[in-house]
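Undergrad:
Numbering (the working numbering), first residue to last: 1 to 484.
Given below as structure tokens:
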């Protein structure tokens with residue numbers, strides 16, 4: 001079962017469809033053999049508006065939401081595993097709406113399929129042939145010898161406050177902000193192996209030793225072989241429009257898991273895995289940038305040459321510069337999330353659901369990949385960077401769950417509020433559901449509970465009285481001066 005709400009435009013979801021009030025209609029899809037049943041109801045009162053079913057030739061692989069139908073304003077385009085396309089509801093008004101969206105889209109409407117059986121990602125472009133809609137392949141990314149364990153996407157309604165990061169020396173790092181990114185995490189299907197015989201022979205170390213004579217066939221102690229373990233966990237940054245792998249990194253000794261927690265926010269990718277080599281949970285952090293502008297490169301009289309268009313189909317335009325760092329925490333991680341605020345001004349915190357059934361908030365500055373390993377320089381101190389330490393502490397005072405235990409958390413989502421300093425989070429997945437309000441940058445736009453409102457009211461009333469008396473005395477003095 002799938003719940004569908006919104007449209008292909010993230011801004012329309014946040015600010016309302018076409019600038020109006022956000023729609024309350026929700027479409028519920030159920031994929032059954034040979035058909036897809038659907039029910040449209042009003043999310044505000046639970047009233048069922050319409051229902052029906054659509055015949056399908058294969059299971060549903062991807063759902064593209066569209067808003068603006070007649071009977072049910074929430075409709076969807078369904079892309080199936082056999083690359084066929086169907087509409088829900090299957091009527092003429094929905095078909096006309098889908099064709100209008102495709103034809104009016106400047107760069108086209110794209111979708112993709114993640115096939116965990118064949119371990120590949122395929123991207124498609126919807127084309128209006130006149131009589132129906134078809135999905136034409138654009139590109140694909142395959143991962144032979146690996147299995148896809150997790151796929152993460154950016155938040156659709158995420159607000160980015162600044163497209164660049166200001167460094168301590170006043171230079172700028174331009175963030176790589178691609179809404180079509182996906183983090184595809186794969187693991188090697190074969191057990192960890194050692195390097196081949198040639199590599200092992202090159203790694204041999206022989207040192208002369210003195211000792212008693214050994215029996216024939218026994219490996220002498222003078223010869224030791226050091227083998228390098230091959231990586232078994234891979235993180236692939238994929239563009240879902242072109243199907244190209246933009247960046248790929250690997251880790252050695254990762255424990256085989258059914259799913260690897262991962263979250264994408266702005267130009268950051270954070271993921272967690274358990275390392276059998278270090279016997280601890282490690283947090284991998286990737287930050288992506290387009291480039292850098294020197295502090296003298298942007299002035300009132302000069303500006304760097306920058307392209308104002310971006311295309312996922314152009315290799316040069318879509319290739320990011322990636323910085324990476326690995327941190328460690330003392331507890332296993334079951335889910336990752338990130339706070340989100342109305343204007344993106346507040347500091348973002350990474351929400352970690354740990355194996356001891358707690359949720360902890362970690363400031364993103366602690367996971368900065370640019371933290372230096374050596375002594376801090378002056379411009380790094382001005383920027384607020386810390387010296388790199390592998391271990392990230394989980395402080396109980398930063399735990400939104402306080403002393404509560406939340407069992408079996410497998411997902412954490414967040415949403416904005418009317419106040420910039422506040423973010424609401426929802427943790428789910430097990431028998432418990434946890435909902436709370438957090439303040440990543442403290443309550444800078446709220447009065448504290450200890451604020452003396454009575455004293456403020458008294459001061460305001462006193463000022464009004466003083467102003468009134470002063471005005472009366474001033475007017476009386478003016479009249480008196482006029483008669484003298």
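Idealized CB from N, CA, C, for every residue including glycine. Being a predicted model, the structure only gives us computed values, none of them experimental.
#1: In the DSSP assignment, find the alpha helix (DSSP H) that holds residue 561 and state where it starts and stops.
#2: Just to confirm, are residue 414 and residue 351 a CB contact at a threshold of 9 Å?
#3: Going by beta-carbon coordinates alone, are residue 126 and residue 139 separated by less than 9 Å?
#4: By alpha-carbon positions, which one of 406, 315, 426 and 79 ends up nearest to residue 124?
#5: Tell me whether residue 48 is buried or exposed, calling it buried when 16 or more other Cβ atoms sit within 10 Å of its Cβ.
#6: Residue 336 to residue 425, Cα distance in whole Å?
#7: Which residues in the same chain as residue 91 place their Cβ atom closer than 6 Å to its Cβ, once the five residues preceding and following it in sequence are excluded?
#8: Grab the span of the alpha helix (DSSP H) containing residue 102 for me, first residue to last.
#9: Please report how far the alpha carbon of residue 26 lies from the alpha carbon of residue 363, in whole angstroms.
#10: Would you decide whether residue 32 is buried or exposed? Buried here means 16 or more other CB atoms lie within 10 Å of its CB.
#11: Report all residues from its chain with a CB closer than 7 Å to the CB of residue 383; omit the five preceding and five following residues, and keep chain order.
#12: Consult DSSP for residue 464 and reduce its assignment to one of helix, strand or coil.
#13: Pull the bridge partners of residue 25 from the DSSP assignment, please.
#14: For residue 268, does the count of other Cβ atoms within 10 angstroms reach 16, so buried, or fall short, so exposed?
#15: When you compare only the Cα positions, how much space is there between residue 478 and residue 471?
#16: With burial defined as no fewer than 16 other Cβ atoms inside 10 Å of the residue's Cβ, what is the status of residue 469: buried or exposed?
#17: Would you call residue 259 buried or exposed, if buried means 16 or more other Cβ atoms sit within 10 Å of its Cβ?
#18: From residue 149 to residue 265, what distance separates their C-alpha atoms?
#19: Who pairs with residue 88 in a beta bridge, going by DSSP?
#20: Under three-state DSSP, which class holds residue 314?
#21: Taking DSSP's pairing of strands, which residues face residue 449 in a bridge?
#22: Secondary structure at residue 69, three-state DSSP: helix, strand or coil?
TA: Looking at the coordinates:
#1: Nothing in the structure corresponds to residue 561, since the chain is present only between 1 and 484.
#2: yes
#3: no
#4: 79
#5: exposed
#6: 12 Å
#7: none
#8: 92-104
#9: 34 Å
#10: exposed
#11: 167 and 168
#12: helix
#13: 42
#14: buried
#15: 11 Å
#16: exposed
#17: exposed
#18: 20 Å
#19: 76
#20: coil
#21: Note: residue 449 sits in no beta bridge, so no partner.
#22: coil
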